[in-house]
Amino acid sequence: MSKVILKVEGLKKYFPIRQGMFNKHVGDVKAVDDVSFNVYEGETLGIVGESGCGKSTTGRLLMRLLEPTEGHIEFEGKVISELSTSEMRKARRDIQMVFQDPYASLNPRHTIGKILEEPLIVHGIGNKQERRKKVLEYLNIVGLSDYHASRYPHQFSGGQRQRVGIARALMTNPRLVIADEPVSALDVSIQAQVLNLMQKLQEDLKLTYIFIAHDLGVVRHISDRVGVMYLGKIVELSVSEDLYAEPLHPYTQALLSSVPVPDPAFEREQILLTGDIPSASNPPSGCAFHTRCPFKTEKCTQVTPTLREIKPGHSVACHLYDDK
Ligand code: SF4
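Rendered as structure tokens:
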């Protein structure tokens, strides 16, 4: 396997809950609770889970758009969890983010040309002429035309805006791109186009992706490995083929059972999860999934399972595999 480009160890983000006149600290929302994983150069790591599971918070922590409560984040040997604000600003040249709602992240008063030029100005890349050339080049590589540079965000469709969002993320030639639900807001037909574009750009520009989604179906074809998150923790992490062929964690099994299968001869029984996702401010004891798990035992309600490699490249946090 290729080299580790990003190493995450014991990452936590707790948001304090304060109450009363004296703003007393009465608890924490444990949005990300002891998450560890590696990302290998050139791969796509999918991170999947229901809303509120901590996947988007994890993405923002890696960019230091949010400050971690605890944990170690190392990118290409540099400990980014310890960089000063100005050092981190420089490091963002190499790590960029694509957001779910490109419209909200594109300044409506700026032309697309100006929006794409901005990261180059921030990082002091090129003179005016060189920057203009790069703007047009990147508009073209995401499937847009030169004349789009003088248009405004509201003149674009959702799919085109996401192409602009992708182009903007790539302007500084990053090595790692964190895509936070980049196709969730798009029509299904457009989703496939944007996913294909991202895959092509990954090959052409030798990019590494972390691809965050709430649906295992979306990340299936783009991910080399997939991590499944539940209530702030990774409950399963595996090479994609293995995860889709033989999901081990009951939560992954339930998520996967709701993904439509293209082959009508292959029927999968749908596992319906009952109950809502519990609150991260008051997570259940033991295995946090036990309130919804059809296989829970007494042990599950008391002992928190740890993420363990059960077979090569496939780890799970579940007591069903304690003997394996
Ligand atoms: Fe279910 Fe127990 Fe496994 Fe948690 S540890 S997923 S409750 S079987």
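Residue numbering for the sequence shown follows our numbering, beginning at 21 and increasing consecutively.
Don't be surprised by glycine CBs; every beta carbon is placed ideally from N, CA and C.
Beta strand (DSSP E) segment containing residue i, residue limits
i	result
S335	334 to 336
Q290	Careful: Q290 lies outside any beta strand (DSSP E) and carries neither H nor E.
M249	245 to 250
M117	115 to 118
Three-state secondary structure (DSSP) of residue i
i	result
M83	coil
M218	helix
E94	strand
K344	coil
P36	strand
D224	helix
R109	helix
L196	strand
I297	coil
G185	helix
T64	strand
S258	strand
R328	strand
K23	coil
L31	strand
Y123	helix
I232	strand
V99	strand
Best match in the options for proximity to residue i [C-alpha to C-alpha]
i	options	result
I115	S71, A308, L190, N160	L190
L82	F42, H241, I25	I25
V28	S104, C313, E90, D207	E90
L206	R240, V255, G247, P122	P122
R195	S165, D224, A300	D224
N302	K50, D262, K319, A124	K50
K32	H45, V239, V55, N43	V55
D244	G72, L263, E94, Y341	L263
S277	L257, I242, D235, S258	D235
D296	Q290, C313, L85	C313
I230	S204, A300, V255, V197	V197
E201	V68, S260, M41	V68
R84	K23, L65, V155, A111	A111
G179	S170, A169, L164	L164
A212	G237, A337, P325, E157	G237
K134	M117, R109, G185	G185
S260	I254, T272, V246	V246
T294	E96, I145, L275	L275
D53	A169, R328, E329, T324	T324
N193	P332, I132, K23, P139	P139
H339	K226, K331, L327, C73	L327
Where the alpha helix (DSSP H) through residue i begins and ends
i	result
Q273	270 to 277
N58	Careful: N58 lies outside any alpha helix (DSSP H), inside the beta strand (DSSP E) at 44 to 60.
G144	Here G144 belongs to no alpha helix (DSSP H), and DSSP marks it neither H nor E.
V238	236 to 239
Q322	318 to 322
Heavy atom of ligand 3 within 7 Å of residue i beta-carbon
i	result
H334	Looking for ligand 3 in the displayed structure turns up nothing; the ligands present are ligand 1.
Residue i CB to nearest heavy atom of ligand 1 below 7 Å
i	result
H310	yes
L215	no
P325	yes
K344	no
H92	no
T294	no
P270	yes
L340	yes
K316	yes
C73	no
Subject >> Cβ contact check for the segment 207 to 217 and the segment 27 to 42: 3 or more pairs under 8 Å >> reply: no
**OP:** Decide if the segment 57 to 70 is in contact with the segment 171 to 191; the criterion is three or more beta carbon pairs, one per stretch, under 8 Å apart.
**Re:** no
**OP:** Mind the definition here: the segment 296 to 310 touches the segment 249 to 256 only if three or more C-beta pairs lie below 8 Å; say whether that holds.
**Re:** yes
Original post:
Taking one C-beta from the segment 99 to 108 and one from the segment 260 to 279 each time, how about it: are there three or more such pairs within less than 8 Å?
Top reply: no
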